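Some notes on the structure that comes next.
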Amino acid sequence: MPRPASLDTLMRSLADPTRRAVFERIVQSREVSVGELADGSGVTQSAISQHLRSLKQAGLIADRSQGRHVFYRAQPKGLAPLVDWMGHYGVFWRERFVNLRTLLKEIDP
Amino acid sequence: MNDTTITSTTQQIVVDEVLPHAPEAIWKTLTTGDLIGRWLMTPSGFEPVEGNRFTFQTTPAGEWDGTIHCRIVELVTNERLAYTWRGGHEGNAGYGSPLDTVVTWTLSRVAGGTRLRLVHSGFVAPRNDSAYRSMGEGWKKVVHNVGDVAGEAR
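Protein chains in written order, with this note's numbering: chain A, 28 to 136; chain B, 14 to 167.
See below:
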């Protein structure tokens, strides 16, 4: 079952506060390199790299190589397994309210 | 998921609107089987009495057949209707994962009609910590997109 495994990976990846902070930095920038993430963070570049591997494995970030540099960007879709039901019903109920208004106009003009 | 430090808490969806109709008219749409079918989904076995069990058929996912199981837990004519809303399977993540929630409708007469409030409560979600807050507008967009995808699958 690949899907529960991916939810598990996602939860484990976000459970680490440092990794969460790294993810937040990436979310806030359009694209960022390992060096930029390490700068002023108090975390070594190699530790950052490990966190990036975990985030990538969890589907939360994507990377792009350009010459000797690798740039990272957030993949918001990676968070989808966490919010799927709520996202689903958030839209579902709003749509149903629209249907209800239409029906009421019809049966109770 | 016992090896993570993210704690679970429950969250709810609220939709609250004033509709230009009397509570009695709205109550009818919430508690009549064929009318429910015209705006929500067609229920199977619905009777407007406390304790009544009924189902809705939705899109299956994995080992879940897509059936939503409901039981009326509260019914106060023209005022309040609450039913459980359960489904899903442990083999699924996200859409189709175990769902043990409650849908509550509250009607109150206001000038020009009725305030209709829907509370769909009991969603289990990770704690709303900084990682999620920092998503800001982006987060809302994610939720929106997820909803679109789920909507297409219906």
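Think of the CB as a built atom: it goes at the ideal place given N, C-alpha and C, for glycine as much as any other residue. Quick caveat, the model's predicted, so the values are computed rather than measured.
(1) Tell me whether residue 57 (chain A) sits in a helix, a strand or coil according to DSSP, three-state version.
(2) Residue range of the alpha helix (DSSP H) that residue 98 (chain B) falls in?
(3) With distances taken from CA atoms, which of A:102, A:45, A:112 and A:121 is nearest residue 87 (chain A)?
(4) Quick one: what's got a C-beta closer than 6 Å to residue 104 (chain B)'s C-beta in the same chain, skipping five residues either side?
(5) Can you check DSSP and say which residues form a bridge with residue 126 (chain B)?
(6) Taking DSSP as the reference, what is the three-state secondary structure of residue 139 (chain B)?
(7) Quick check on this structure: which residue in B:26, B:113 and B:32 has the alpha carbon closest to the alpha carbon of residue 125 (chain B)?
(8) With residue 92 (chain A) as the anchor, note down where its beta strand (DSSP E) starts and where it stops.
(9) With distance defined between alpha-carbon atoms, name the residue in B:93, B:73 and B:38 nearest to residue 62 (chain B).
(10) Answer yes or no: does any C-beta atom of chain A fall closer than 8 Å to that of residue 23 (chain B)?
(11) Mind pulling the alpha helix (DSSP H) runs of 4 or more residues that sit fully within the segment 20-61 of chain B?
Reading it off the structure:
(1) Position 30 of the first sequence, counted from the start, is the residue given in the question as residue 57 (chain A). Residue 57 (chain A): coil per DSSP, three-state reduction.
(2) Within the second sequence, numbered from 1, the residue matching residue 98 (chain B) stands at position 85. From DSSP, residue 98 (chain B) is part of no alpha helix (DSSP H) but of the beta strand (DSSP E) over 93-100.
(3) Residue mapping note: residue 87 (chain A) aligns to position 60 of the first sequence, counting from 1. Nearest C-alpha to residue 87 (chain A): A:102.
(4) Sequence index remark: in the second sequence, residue 104 (chain B) carries index 91 (1-based). The answer, listed in chain order, is 75 and 76.
(5) Position 113 of the second sequence, counted from the first residue, corresponds to residue 126 (chain B). Answer is B:123, bridged to residue 126 (chain B).
(6) Residue 139 (chain B) sits at position 126 when you count from the first residue of the second sequence. Low local confidence applies: a pLDDT of 46 at residue 139 (chain B) is under 50, so the model's placement there is unreliable, with the coordinate-based value given in what follows. Here residue 139 (chain B) sits in strand by DSSP.
(7) Translated into positions along the second sequence, residue 125 (chain B) becomes position 112. The candidate whose alpha carbon is nearest that of residue 125 (chain B) is B:32.
(8) The residue given as residue 92 (chain A) occupies position 65 in the first sequence. Run containing residue 92 (chain A): 88-93, per the beta strand (DSSP E) assignment.
(9) Locating residue 62 (chain B) in the second sequence gives position 49, counting from the first residue. The shortest C-alpha separation from residue 62 (chain B) is found at B:93.
(10) Residue numbering aside, residue 23 (chain B) sits at position 10 when the second sequence is read from its first letter. Chain A contact via Cβ: absent.
(11) 36-44 and 46-52
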